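Each residue of the sequence shown is one higher than the one before, counting from 84 in the working numbering.
Below: one structure, written as structure tokens.
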Amino acid sequence: MDCKKIILILISFLLLNGCYKPIYSKINEYDKKIQIKEFLERVKFPFHGAAVFISYDLKRKLEDYIIEHAPLSLVLEGGDIIIGGKFVDCSFIEREGKNAKIKIIVNAYCKDKHNSQNNWVQDFEVIEDYYGEKDALNEGPMKNKIINNLVSQLYNKTIEKINFNKEYNQEKEKEINININNTKTKNTTN
Numbered sequence: 084m085d086c087k088k089i090i091l092i093l094i095s096f097l098l099l100n101g102c103y104k105p106i107y108s109k110i111n112e113y114d115k116k117i118q119i120k121e122f123l124e125r126v127k128f129p130f131h132g133a134a135v136f137i138s139y140d141l142k143r144k145l146e147d148y149i150i151e152h153a154p155l156s157l158v159l160e161g162g163d164i165i166i167g168g169k170f171v172d173c174s175f176i177e178r179e180g181k182n183a184k185i186k187i188i189v190n191a192y193c194k195d196k197h198n199s200q201n202n203w204v205q206d207f208e209v210i211e212d213y214y215g216e217k218d219a220l221n222e223g224p225m226k227n228k229i230i231n232n233l234v235s236q237l238y239n240k241t242i243e244k245i246n247f248n249k250e251y252n253q254e255k256e257k258e259i260n261i262n263i264n265n266t267k268t269k270n271t272t273n
């Protein structure tokens, strides 16, 4: 009789670990590959050719930033995580007695093919002082400030979401393991 209980406990243990572990142990979030899609221009920029330069530069600088800082691998196609978006607003904010400001809004998204908890869609806004420079968004420090600010916001949102969900999944896995251990303890005492 004792032999049957031991075999039953062993089979239960193997079944529980075999069934539940793979469901909750996700692919390591940082082993994923990230792909940057184009940022489309859905707004008319006030400077000649600015849309081409600013959308290209945003993609290029985001890729460079990921290569330098991210624990994720950058790929051109077939990424596990895909980031993209569109420019939805470019406007000037006039202020009396002060320099105007330029406001740019990008509607961006992140799609994780393996973990939908990491998906997000959000508007990112950048406001910078505008001193009346000619072709301000084609070249110069203003364009660089805007691009760097957007890159920082996009990167931080993506990594923050991955980290939050990674911690959440680890806590859930711990709870499941505790429940499994409690079940095993109950089975052994019976």
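All residues carry an ideal CB built from backbone N, CA and C; glycine is no exception.
From a predicted model like this one, the values you see are computed outputs, not experimental measurements.
Are residue i and residue j close, meaning C-beta to C-beta below 8 Å?
i    : j    : result
K115 : D147 : no
D172 : K186 : yes
C193 : I166 : yes
V209 : L237 : no
F122 : K169 : yes
K120 : I230 : no
Between residue i and the rest of its own chain, which residues show a CB-CB distance below 8 Å, the 5 nearest in sequence each way excluded?
i    : result
Y213 : F175, N182, A183, K184, I185, A219, M225
L141 : F122, V189, I230, L233, V234
E177 : A183
L157 : K116, I117, Q118, I119, E146, I149, I150
H152 : Y238
Where does residue i sit, in a helix, a strand or coil, going by DSSP?
i    : result
N190 : strand
V158 : strand
Y214 : coil
K115 : coil
I94  : helix
E151 : helix
K120 : strand
F136 : helix
D163 : coil
E208 : strand
K184 : strand
V234 : helix
F73  : The structure shown does not extend to residue 73, since the chain is modelled only from 84 through 273, so no value can be given for it.
Residues in the same chain with beta-carbon distance under 6 Å from residue i, minus the five sequence neighbours each way, listed in chain order, please.
i    : result
N227 : none
V204 : Y192
T241 : C193
Pop quiz: residue i and residue j are said to be a contact at Cβ under 8 Å. What is the actual Cβ separation, rounded to whole angstroms?
i    : j    : result
Q118 : E160 : 7 Å
Can you list, in chain order, the residues of its chain with a C-beta nearer than 7 Å to that of residue i? Leave out the 5 residues immediately preceding and following it.
i    : result
E211 : K184, I185, M225, K228, I229
V126 : F170, V171, D172, C173
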